[in-house]
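K.L.:
Supplied in structure tokens, the structure appears directly below.
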Amino acid sequence: MIVADPQLIGYTREPTPFSSLTRWDSDRYLRMGFERALTACHPDLILFLGDLMDEGVHASKVDFDRTLERFNAIFRTDKPVQRIYVPGDNDIGGEEQMIMPYSLNRFSNSFSNSFEAEALGLDAISFVQINPFNGAQSILWVGSSAICVVLSHGPIIRFPDILKNVRSLVSPALILSAHSHTASYYEEVFNGAQPFKSISMLSQKTSHTVAIDEHNSTFKEFQTATCNYRMGVDNMAYGCLTFTRNNATPRPSFNVRYTALWLPRRFHQLAIYFFIVVVLTIYGLRWLFW
93 MIVADPQLIG
103 YTREPTPFSS
113 LTRWDSDRYL
123 RMGFERALTA
133 CHPDLILFLG
143 DLMDEGVHAS
153 KVDFDRTLER
163 FNAIFRTDKP
173 VQRIYVPGDN
183 DIGGEEQMIM
193 PYSLNRFSNS
203 FSNSFEAEAL
213 GLDAISFVQI
223 NPFNGAQSIL
233 WVGSSAICVV
243 LSHGPIIRFP
253 DILKNVRSLV
263 SPALILSAHS
273 HTASYYEEVF
283 NGAQPFKSIS
293 MLSQKTSHTV
303 AIDEHNSTFK
313 EFQTATCNYR
323 MGVDNMAYGC
333 LTFTRNNATP
343 RPSFNVRYTA
353 LWLPRRFHQL
363 AIYFFIVVVL
373 TIYGLRWLFW
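Numbering (our numbering), first residue to last: 93 to 382.
This is how it looks when you write it as structure tokens:
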């Protein structure tokens with residue numbers, strides 16, 4: 093299961109006097125959505141694709157620890173589940189500012205990976221974490237075949253320079269990314285007007301399946317939407333990814349199915365609540381003074 097851009101609201105950028113209320117409502121939305129996604133997906137692994145906190149780079153130690161406590165409460169599970177944490181630019185820097193060593197160390201010390209591909213039946217696949225903002229890479233698992241899956245907070249295929257840099261490092265059969273807050277599928281196109289094609293997961297009725305093997309000549313990328321309504325998009329989701337081994341081929345190959353687990357539109361709900369409060373207030377005032 094994929095969790096992308098939860099961006100827990102911090103303590104300095106949120107306007108007062110309603111900051112406590114907005115943090116509570118956002119946290120509650122994240123928690124309820126996560127519980128629904130767990131029920132739908134039954135994950136063996138939870139992949140967090142970065143921007144876990146909105147103020148991760150700039151937060152003081154006290155504020156960071158408070159936000160971390162909230163994060164662990166929101167994304168808790170009843171039983172142990174493997175986890176991978178990929179840092180985003182809001183966690184350690186990288187997009188509009190330099191990557192901060194202090195923030196990187198703090199992230200690494202606070203979010204520990206617990207990943208063993210062999211236990212998931214994915215020991216044939218190499219898993220590599222890449223930061224597209226500076227090219228840093230971390231090998232999470234070395235597979236027994238040439239199949240490689242890249243985990244990246246930032247999208248890759250849409251940006252030729254980043255794509256070129258990644259290609260010089262690895263040759264992934266599949267990329268999993270986030271950052272843009274929308275759910276889409278991207279694939280390289282060598283003889284078209286654009287260097288890639290894109291498919292919105294909204295137009296795919298939430299699911300899309302691709303095949304990966306050792307001989308993939310084109311990059312494929314699934315981008316997961318944000319799960320937090322505060323990111324300013326209409327459609328929020330968690331991602332559910334399943335790997336099914338194709339036993340009909342002599343060499344390792346997999347069918348990978350991506351499903352977007354769409355969440356309710358919170359701003360619409362809040363607008364209805366606001367309308368009800370206004371109506372009740374008007375009727376209450378009329379009852380008092382008329």
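Glycine residues also receive a C-beta, built at the ideal position from the N, C-alpha and C atoms.
Keep in mind it's a predicted model, so treat the numbers as computed, not measured.
(1) Ordered along the chain, which non-local residues of its own chain (more than five positions away) have a Cβ less than 7 Å from that of PHE367?
(2) Considering only C-alpha positions, which residue in the set TYR350, CYS332, PHE311, ARG322 is nearest to GLU106?
(3) Between the Cα of ASP215 and those of ALA317, THR351, PRO344, spot the shortest distance and give me the residue it belongs to.
(4) Work out the CA separation of GLY102 and ILE141 for me, nearest whole Å.
(5) Kindly indicate which three-state DSSP category GLU313 falls into: helix, strand or coil?
(6) How big is the Cα-Cα spacing for PHE207 and ILE176?
(7) Which first and last residues belong to the alpha helix (DSSP H) in which GLU280 is found?
(8) Work out the CA separation of ILE254 and PRO135 for me, nearest whole Å.
(9) Are the CB atoms of ALA270 and ALA96 nearer to each other than 7 Å?
(10) If you follow the alpha helix (DSSP H) that SER237 is part of, which residue opens it and which one closes it?
(11) Which residues bound the alpha helix (DSSP H) around THR159?
(12) For the candidate residues THR169, ARG115, ALA132, whose alpha-carbon lies nearest to that of MET145?
(13) Check the DSSP bridge columns for TYR177 and list the partner residues they point to.
(14) With a CB to CB cut of under 6 Å and the five nearest residues on each side skipped, what residues in its chain are close to LEU353?
(15) Spell out the partners DSSP gives THR351 in its beta bridges.
(16) Run the CB neighbour count on ARG259, radius 10 Å, all protein chains shown included, and call it buried at 16 or more, exposed below.
(17) On a Cα-Cα basis, can you pick out the residue from ILE304, PRO356, VAL173, MET190 that is closest to ALA401?
(18) Consult DSSP for ARG337 and reduce its assignment to one of helix, strand or coil.
(19) Quick one: is ARG120 buried, meaning 16 or more other Cβ sit within 10 Å of its Cβ, or exposed?
(20) Using a Cβ-Cβ cut-off of 6 Å (strictly less than) and excluding sequence neighbours within five positions of ASN383, which residues of its own chain qualify?
(21) Keeping to the same chain, check which residues put their C-beta closer than 6 Å to that of ARG337; ignore five residues upstream and five downstream.
(22) How would you write the range of the beta strand (DSSP E) that ILE254 sits in, first residue to last?
(23) Once DSSP output is grouped into helix, strand and coil, what is the label at MET93?
(24) State the start and end residues of the unbroken alpha helix (DSSP H) segment that holds PHE219.
(25) The alpha helix (DSSP H) that contains PHE288, what's its start and end?
(26) Among VAL241, PRO98, PRO193, ARG250, whose alpha-carbon lies nearest the alpha-carbon of ALA209?
(27) DSSP on LEU122, reduced to helix/strand/coil?
(28) Output yes or no for whether 7 Å exceeds the beta carbon distance between HIS273 and GLY180.
(29) Mapping the DSSP letters down to three states, classify PHE346 as helix, strand or coil.
P.N.:
So, from the listed chains and residues:
(1) Unreliable placement is indicated for PHE367, whose pLDDT of 46 sits below 50; no coordinate value is reported for it.
(2) GLU106 has its Cα closest to that of ARG322, out of TYR350, CYS332, PHE311, ARG322.
(3) Out of ALA317, THR351, PRO344, PRO344 has the C-alpha closest to the C-alpha of ASP215.
(4) The sequence shown places Leu at residue 141, not Ile. For the pair LEU141 and GLY102, the Cα-to-Cα distance works out to about 19 Å.
(5) In this structure, DSSP gives GLU313 an extended state, which the three-state scheme calls strand.
(6) Those two C-alpha atoms are separated by around 7 Å.
(7) Run containing GLU280: none in the alpha helix (DSSP H); it sits in the beta strand (DSSP E), 276–280.
(8) Each residue's alpha carbon lies about 30 Å from the other.
(9) Contact: yes.
(10) Where SER237 is concerned, there is no enclosing alpha helix (DSSP H), given that its DSSP letter is neither H nor E.
(11) Here the alpha helix (DSSP H) through THR159 covers 153–166.
(12) Closest by alpha carbon: ARG115.
(13) PHE140, per the DSSP bridge assignment.
(14) Correct list, in chain order: ALA129, ALA132, ALA329, TYR330, CYS332.
(15) Paired residues: SER299, CYS332.
(16) Counting the other CB atoms within 10 Å of its CB gives ARG259 a total below 16, which places it among the exposed residues.
(17) Residue 401 lies beyond the residue range present for the chain, which begins at 93 and ends at 382; the question has no answer from this structure.
(18) It is a strand residue.
(19) An exposed status is given to ARG120, since fewer than 16 other beta-carbon atoms sit within 10 Å of its beta-carbon.
(20) Since the first and last residues shown for the chain are 93 and 382, residue 383 lies out of range.
(21) Counting only residues of its own chain and dropping the five nearest sequence neighbours on each side, ARG337 has a CB closer than 6 Å to the CB of PHE346.
(22) If you look at ILE254, you'll find it isn't in any beta strand (DSSP E); it sits in the alpha helix (DSSP H) that goes 252–261.
(23) If DSSP states are grouped into helix, strand and coil, MET93 belongs with coil.
(24) Careful: PHE219 lies outside any alpha helix (DSSP H), inside the beta strand (DSSP E) at 218–222.
(25) Where PHE288 is concerned, there is no enclosing alpha helix (DSSP H), although the beta strand (DSSP E) around it starts and stops at 288–292.
(26) Among VAL241, PRO98, PRO193, ARG250, the Cα nearest to that of ALA209 belongs to VAL241.
(27) LEU122 sits in a helix when the DSSP states are folded into three classes.
(28) Going by C-beta atoms, HIS273 is not nearer than 7 Å to GLY180.
(29) Note: PHE346 maps to strand in three-state DSSP.
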